[in-house]
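Chains as they are written, first to last, in the numbering used here: chain B, 195 to 455; chain R, 766 to 1011. Ideal placement from N, C-alpha and C gives every residue a C-beta, glycine not left out. The structure displayed is predicted, hence computed values, not measured ones. See structure below.
Below is the structure:
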């Protein structure tokens, strides 16, 4: 059968995955702490019909043989951990990380998840929890009757009680960093899990060891750039059209030969 | 037997092969750093007895188009595009060197600088390993400097320099997906003049319009060859008819 048919089929399926990545990015353009994905392409192996460097005569070599490529594949989708725009919300429990680092979240199964989304709330016990109700790890509990909550740039959480002029420290938000954040497994719900590719979580105090500072009253917006995604969408769509045009051309050739011989 | 049939059938087969080259280029129209392959047709004369009319059209794929693709801004520090000619060097698992134009690098859990396909990127003194860092800068000449984790802005450590080469198109060949290797027995020499740009990637250099035009032209050529095959068949049928009359 016509091999152009199969080659352009690989192009169609790769562009399809790319479009799926773009639409997921665009759907999460307002998701706090979302990190955009990028689909990376790679050309597939080549079938050697005539070996390059083989003898074309006793003293000459073939400068370049005949090698037929087999198309394209998606090699990976890569998370880009560039910092999103910080939005000032002035909510005392909204925390953004300005720079590298992740918050640690205790998941219901006892393992630790990691997130950049710092829109925390209080649960019925006064503990800081995410929107899903998962507690921050190590847990921070705001005692009842607290007037204001202050989170310092190093993550120190202190509260002031009514009638007591001195603030009390109730805990500290520690951050973790990974050598290769792009290797984290995206678990959905703005959460990431550690993998062998990401390296082990290195715990530290915000603002030291390369970790970013913690900003109270701010949230980190999605790092999706709408213009860039739309331009990517246009080029993906056109690439898809071109490859489907090759499929129809190959189809016409096969049709012609079956009808005329 | 009429040999026109074989000439036409062979040409049709080679039109299909040439089309596979163009389809491969079009499938890689979004592959970063991809180099388009050429496809040409050569006249291969196989003269025997009789008239010198046995010239087969043979498809060849003589190498790559080495013109640079469009460079686009990504803003990611570890995305590196080469300005003009040149290639990055990576190490294959068997220790040999290979080269690529795709500079979408990343750092793995052990701090090694890796290419997109998962090969170690090679610097002046072997594969590059980065210390834990808070910021990283890749300079125009490929020098990598980092601010180590926990250090202030005054401590900038130069780690290594990307080993870039600038081979002639005829000195390299595609052997693995996304990689070029040297055809000669020696390593390609370091090319200090190659300039890079950090925060950008080079797109594929496939020209979609010309590739698609070639595909359509080849489809027509295929139809013409098919037509010749059916004409040869008509001739044979007519000859058989004559024999039957006799």
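Can you grab the Cα-Cα spacing for the pair residue i / residue j, in whole Å?
i, j, result
"residue 406 of chain B", "residue 270 of chain B", "28 Å"
"residue 196 of chain B", "residue 455 of chain B", "16 Å"
"residue 352 of chain B", "residue 359 of chain B", "12 Å"
"residue 310 of chain B", "residue 349 of chain B", "14 Å"
"residue 332 of chain B", "residue 910 of chain R", "35 Å"
"residue 971 of chain R", "residue 799 of chain R", "8 Å"
"residue 768 of chain R", "residue 273 of chain B", "59 Å"
"residue 935 of chain R", "residue 240 of chain B", "17 Å"
"residue 451 of chain B", "residue 819 of chain R", "23 Å"
"residue 796 of chain R", "residue 899 of chain R", "30 Å"
"residue 284 of chain B", "residue 409 of chain B", "10 Å"
"residue 304 of chain B", "residue 217 of chain B", "33 Å"
"residue 380 of chain B", "residue 231 of chain B", "10 Å"
"residue 323 of chain B", "residue 341 of chain B", "19 Å"
"residue 354 of chain B", "residue 336 of chain B", "10 Å"
"residue 147 of chain B", "residue 223 of chain B", "Lying outside 195 to 455, the shown extent of chain B, residue 147 of chain B is not represented and no answer is given."
"residue 962 of chain R", "residue 238 of chain B", "27 Å"
"residue 866 of chain R", "residue 908 of chain R", "17 Å"
"residue 838 of chain R", "residue 343 of chain B", "42 Å"
"residue 366 of chain B", "residue 923 of chain R", "35 Å"
"residue 302 of chain B", "residue 328 of chain B", "7 Å"
"residue 906 of chain R", "residue 373 of chain B", "25 Å"
"residue 339 of chain B", "residue 320 of chain B", "10 Å"
Would you list the residues sitting across from residue i in a DSSP beta bridge?
i, result
"residue 444 of chain B", "Note: residue 444 of chain B sits in no beta bridge, so no partner."
"residue 342 of chain B", "B:354"
"residue 825 of chain R", "R:805"
"residue 855 of chain R", "R:863, R:886"
"residue 252 of chain B", "DSSP lists no partner for residue 252 of chain B."
"residue 282 of chain B", "B:412"
"residue 313 of chain B", "B:288"
"residue 844 of chain R", "R:869"
"residue 939 of chain R", "R:945"
"residue 335 of chain B", "B:321"
Does the separation of the CB atoms of residue i and residue j fall below 7 Å?
i, j, result
"residue 863 of chain R", "residue 966 of chain R", "no"
"residue 824 of chain R", "residue 835 of chain R", "no"
"residue 395 of chain B", "residue 370 of chain B", "yes"
"residue 784 of chain R", "residue 993 of chain R", "no"
"residue 928 of chain R", "residue 887 of chain R", "yes"
"residue 794 of chain R", "residue 212 of chain B", "no"
"residue 392 of chain B", "residue 378 of chain B", "yes"
"residue 202 of chain B", "residue 441 of chain B", "yes"
"residue 386 of chain B", "residue 275 of chain B", "no"
"residue 204 of chain B", "residue 265 of chain B", "yes"
"residue 334 of chain B", "residue 289 of chain B", "no"
"residue 227 of chain B", "residue 437 of chain B", "no"
"residue 821 of chain R", "residue 859 of chain R", "no"
"residue 1000 of chain R", "residue 959 of chain R", "no"
What distance in whole Å lies between the Cβ atoms of residue j and residue i, which are believed to be in contact at a cut-off of 8 Å?
i, j, result
"residue 368 of chain B", "residue 315 of chain B", "With 8 Å as the limit, residue 368 of chain B and residue 315 of chain B do not qualify as a contact, their Cβ atoms being about 19 Å apart."
"residue 295 of chain B", "residue 914 of chain R", "Not really, about 12 Å apart at Cβ, beyond 8 Å."
"residue 243 of chain B", "residue 261 of chain B", "7 Å"
"residue 926 of chain R", "residue 876 of chain R", "Their Cβ separation, rounded to whole angstroms, is 17 Å, which puts residue 926 of chain R and residue 876 of chain R out of contact at 8 Å."
"residue 770 of chain R", "residue 997 of chain R", "4 Å"
"residue 233 of chain B", "residue 215 of chain B", "4 Å"
"residue 829 of chain R", "residue 802 of chain R", "6 Å"
"residue 903 of chain R", "residue 842 of chain R", "7 Å"
"residue 808 of chain R", "residue 986 of chain R", "14 Å between Cβ atoms; not a contact."
"residue 964 of chain R", "residue 844 of chain R", "6 Å"
Along the beta strand (DSSP E) that carries residue i, what are the first and last residues, could you check?
i, result
"residue 902 of chain R", "898–903"
"residue 381 of chain B", "379–382"
"residue 347 of chain B", "Per DSSP, residue 347 of chain B belongs to no beta strand (DSSP E) and is neither H nor E."
"residue 197 of chain B", "From DSSP, residue 197 of chain B is part of no beta strand (DSSP E) but of the alpha helix (DSSP H) over 197–221."
"residue 975 of chain R", "Counting along the chain, residue 975 of chain R falls outside any beta strand (DSSP E), though it belongs to the alpha helix (DSSP H) covering 973–1010."
"residue 781 of chain R", "Looking at the DSSP string, residue 781 of chain R is not in any beta strand (DSSP E); the run it does join, the alpha helix (DSSP H), is 769–792."
"residue 819 of chain R", "Per DSSP, residue 819 of chain R belongs to no beta strand (DSSP E) and is neither H nor E."
"residue 837 of chain R", "836–838"
"residue 229 of chain B", "Run containing residue 229 of chain B: none; DSSP gives neither H nor E here."
"residue 328 of chain B", "Segment: none, residue 328 of chain B is in no beta strand (DSSP E) and carries neither H nor E."
"residue 926 of chain R", "922–926"
"residue 275 of chain B", "Residue 275 of chain B -> no beta strand (DSSP E), and no H or E assigned at all."
"residue 403 of chain B", "From DSSP, residue 403 of chain B is part of no beta strand (DSSP E); its letter is neither H nor E."
"residue 299 of chain B", "296–300"
"residue 965 of chain R", "965–967"
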